[in-house]
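A.B. asks: All residue numbers for the sequence shown refer to full-length UniProt numbering, where the first residue is 3 and numbers rise by one.
Even for Gly, the Cβ is constructed at its ideal location relative to N, Cα and C.
Being a predicted model, the structure only gives us computed values, none of them experimental.
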Amino acid sequence: HEADAYRTDLMTITRFVLNEQSKYPESRGDFTILLSNIVLGCKFVCSAVNKAGLAKLIGLAGETNIQGEEQKKLDVLSNDVFVKALVSSGRTSVLVSEEDEEATFVESSKRGKYCVVFDPLDGSSNIDCGVSIGTIFGIYTVEHSDEPTTEDVLKPGNEMVAAGYCMYGSSCMLVLSTGTGVHGFTLDPSLGEFILTHPDIKIPNKGNIYSVNEGNAQNWDGPTTKYVERCKYPKDGSPAKSLRYVGSMVADVHRTLLYGGIFLYPADKKSPNGKLRVLYEVFPMAFLMEQAGGQAFTGEKRALDLVPKEIHERSPIFLGSYDDVEEIKALYAAEE
Ligand code: AHG
Ligand code: MN
Ligand code: MN
Ligand code: MN
């Protein structure tokens with residue numbers, strides 16, 4: 003019976019990745035070990051988020067990070083768990099986290115061939131009110147065996163080998179791409195395993211949702227202002243788009259991926275490079291969007307072609323359904 007077959011044929015994320023890696027005969031399971039440690043971190047954060055209110059994990063940690071943001075307890079806790087899990091995997095050389103001012107260089111006995119850039123807890127402003135938050139990560143390989151440096155991670159997003167996010171919402175869902183499409187895995191708490199529930203996710207070519215913080219409208223530039231205007235007052239008589247904005251990038255991007263539409267965090271007069279960080283927010287989400295048939299644009303170029311100069315660099319970002327992003331690209335091109 004189809005149903006029985008499904009129940010016994012458990013496609014866990016580890017098994018899925020092993021299948022993918024079997025296409026690379028030279029692979030020795032390093033990526034699988036790396037991913038299993040990222041998965042461990044996600045399971046930990048999922049359980050901490052679910053009992054945050056009970057476990058007094060709400061509120062501030064009393065520190066401020068390099069971003070000038072007050073760190074929440076869960077920001078710091080999640081960061082510690084991911085750093086320790088990644089270092090102990092023995093498969094990484096350089097780690098960049100939103101919560102650490104400097105990159106982490108793994109000591110030689112534990113060094114591996116991957117660099118991981120990550121946002122351990124995305125959407126921190128939503129922790130204390132129980133709204134969906136997430137973790138975002140991107141993975142580069144290190145080709146040399148000398149001392150690791152930040153040069154190993156200051157690479158364009160088009161050199162990333164994998165990217166993903168985990169969303170801690172009504173269910174805990176990990177969305178991953180290793181370069182052959184985008185796949186969604188849902189945590190089965192009774193097994194403690196992420197099970198494949200959304201194979202080969204493709205974003206609709208066009209959507210009717212736009213996602214932006216309208217509160218910044220007075221500071222937007224011309225093309226963004228024109229584009230949002232068109233969403234609200236379409237010229238061609240088509241229906242106006244709906245506005246959906248959670249304020250957690252993971253939640254806004256996940257909805258965009260599944261339903262279609264566009265997510266924007268534009269530049270504005272106060273922050274000319276926008277707010278979102280290139281390495282561990284823009285690149286992973288841009289990677290996933292392109293793998294799902296969408297696209298990601300910075301206002302000037304393809305997001306994955308950006309070459310970051312420093313590890314916490316920011317960039318404006320417009321990502322989502324292919325046709326929707328084409329529209330905003332045309333508006334920026336017309337402005338040049
Ligand atoms: P983080 O919590 O990791 O610092 O990221 C927050 C980001 C992102 O999740 C979200 O899209 C954006 O901040 C929301 O910013 P505004 O509140 O300015 O709209
Ligand atoms: Mn933050
Ligand atoms: Mn974030
Ligand atoms: Mn964060």
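When you compare only the Cα positions, how much space is there between GLY31 and GLY239?
C.D. replies: Translated into the one-based positions of the sequence shown, residue 31 becomes position 29. Translated into the one-based positions of the sequence shown, residue 239 becomes position 237. Spanning the two alpha carbons is a distance of roughly 54 Å.
A.B. asks: To the nearest angstrom, how far is it from the Cα of ARG304 to the Cα of ILE141?
C.D. replies: The residue you call residue 304 lines up with position 302 of the sequence shown. The residue you call residue 141 lines up with position 139 of the sequence shown. So the alpha carbons of these two residues sit roughly 19 Å apart.
A.B. asks: For PRO274, count neighbouring Cβ atoms within 10 angstroms of its own Cβ and tell me buried if that reaches 16, exposed if not.
C.D. replies: Position 272 of the sequence shown, counting from 1, holds the residue named residue 274. Counting Cβ neighbours within 10 Å, PRO274 comes out exposed, since fewer than 16 surround it.
A.B. asks: Examine chain D for any beta-carbon lying closer than 7 Å to the beta-carbon of SER192, and answer yes or no.
C.D. replies: Absent from the structure is chain D; it holds one protein chain and no more.
A.B. asks: Return yes when at least one heavy atom of ligand 2 lies under 6 Å from the C-beta of residue 372, else no.
C.D. replies: Not covered by the structure: residue 372. The range shown for the chain is 3 to 338.
A.B. asks: With a threshold of 6 Å, establish whether the CB of SER126 neighbours any heavy atom of ligand 2.
C.D. replies: Start at 1 with the first residue of the sequence shown, and residue 126 comes out as number 124. At least one heavy atom of ligand 2 is nearer than 6 Å to the Cβ of SER126, so yes.
A.B. asks: Have a look at SER126, ARG113, VAL284, ALA219 and flag the residue whose alpha-carbon is nearest the alpha-carbon of HIS146.
C.D. replies: The residue given as residue 146 occupies position 144 in the sequence shown. Among SER126, ARG113, VAL284, ALA219, the Cα nearest to that of HIS146 belongs to ARG113.
A.B. asks: Please report how far the alpha carbon of THR34 lies from the alpha carbon of MET169, in whole angstroms.
C.D. replies: Taking the first residue of the sequence shown as position 1, residue 34 is located at position 32. Taking the first residue of the sequence shown as position 1, residue 169 is located at position 167. Rounded to the nearest angstrom, the two C-alpha atoms are 21 Å apart.
A.B. asks: Based on the DSSP output, what are the partners of VAL118 in its beta bridges?
C.D. replies: Against the sequence shown, residue 118 aligns to sequence position 116. Per DSSP, LEU97, ILE141.
A.B. asks: Under three-state DSSP, which class holds LEU156?
C.D. replies: Along the sequence shown, read from residue 1 onward, the residue named residue 156 stands at position 154. Of the three classes helix, strand and coil, the one that applies to LEU156 here is coil, per DSSP.
A.B. asks: May I ask you to report which of helix, strand or coil DSSP gives LEU278?
C.D. replies: Here the question's residue 278 lines up with position 276 in the sequence shown. Three-state result, LEU278: coil.
A.B. asks: In whole angstroms, what is the alpha-carbon distance linking ILE138 and ASP307?
C.D. replies: If you number the sequence shown from 1, residue 138 lands on position 136. If you number the sequence shown from 1, residue 307 lands on position 305. The straight-line gap from Cα to Cα measures roughly 19 Å.
A.B. asks: With distances taken Cα to Cα, identify the nearest neighbour of MET175 among LEU37, GLU22, CYS44, MET13.
C.D. replies: In the sequence shown, the residue the question calls residue 175 occupies position 173. Ranking the options by Cα distance to MET175, first place goes to CYS44.
A.B. asks: Give the DSSP bridge partners of PHE196, in chain order.
C.D. replies: Counting from 1 along the sequence shown, the entry for residue 196 is found at position 194. According to DSSP, PHE196 bridges with LEU189.
A.B. asks: Could you name the residues that DSSP lists as bridge partners for GLN297?
C.D. replies: Along the sequence shown, one-based indexing puts residue 297 at 295. Beta-bridge pairing links GLN297 to GLY322.
A.B. asks: Around the C-beta of TYR229, are 16 or more other C-beta atoms found within 10 angstroms, so that it is buried, or is it exposed?
C.D. replies: Counting from 1 along the sequence shown, the entry for residue 229 is found at position 227. With 16 or more other Cβ atoms within 10 Å, it is buried.
A.B. asks: Do you know whose CA, among GLU292, SER317, VAL248, PHE289, lies nearest PRO268's CA?
C.D. replies: Counting from one through the sequence shown, the residue named residue 268 turns up at place 266. It is SER317 whose Cα lies nearest to the Cα of PRO268.
A.B. asks: Quick one: what's got a C-beta closer than 8 Å to LEU290's C-beta in the same chain, skipping five residues either side?
C.D. replies: For the purposes of this step, residue 290 is taken as the residue at position 288 of the sequence shown. Counting only Cβ-Cβ distances below 8 Å, and skipping sequence neighbours, we find ALA165, GLY166, TYR167, VAL177, SER179, VAL184, VAL255, LEU259.
A.B. asks: What residue ranges within the stretch 17–74 form continuous alpha helix (DSSP H) runs of no fewer than 4 residues, ordered along the chain?
C.D. replies: Those alpha helix (DSSP H) runs which fall completely within the stretch 17–74 and span 4+ residues are 32–52.
A.B. asks: Assuming contact is defined by CB atoms lying nearer than 7 Å, are LEU281 and VAL119 in contact in what I supplied?
C.D. replies: Your numbering for residue 281 matches position 279 in the sequence shown. Your numbering for residue 119 matches position 117 in the sequence shown. Taking 7 Å as the Cβ cut-off, LEU281 and VAL119 qualify as a contacting pair.
A.B. asks: Would you identify the three-state DSSP class for VAL108, choosing helix, strand or coil?
C.D. replies: Counting from 1 along the sequence shown, the entry for residue 108 is found at position 106. Note: VAL108 maps to coil in three-state DSSP.
A.B. asks: Hey, would you say ILE205 sits closer than 7 Å to GLY296, going by beta carbons?
C.D. replies: To locate residue 205, count along the sequence shown from 1; it is residue 203. To locate residue 296, count along the sequence shown from 1; it is residue 294. In contact: ILE205 and GLY296 (Cβ atoms closer than 7 Å).
A.B. asks: Would ASP82 and LEU123 be called neighbours here (beta carbons separated by less than 7 Å)?
C.D. replies: As a first step, residue 82 is located in the sequence shown; it is residue number 80 there, counting from the start. As a first step, residue 123 is located in the sequence shown; it is residue number 121 there, counting from the start. Result no, Cβ atoms of ASP82 and LEU123 do not sit closer than 7 Å.
A.B. asks: Quick one: what's ILE264 bridged to in DSSP?
C.D. replies: Within the sequence shown, the letter at position 262 stands for residue 264. Bridge partners of ILE264: TYR212, GLY322.
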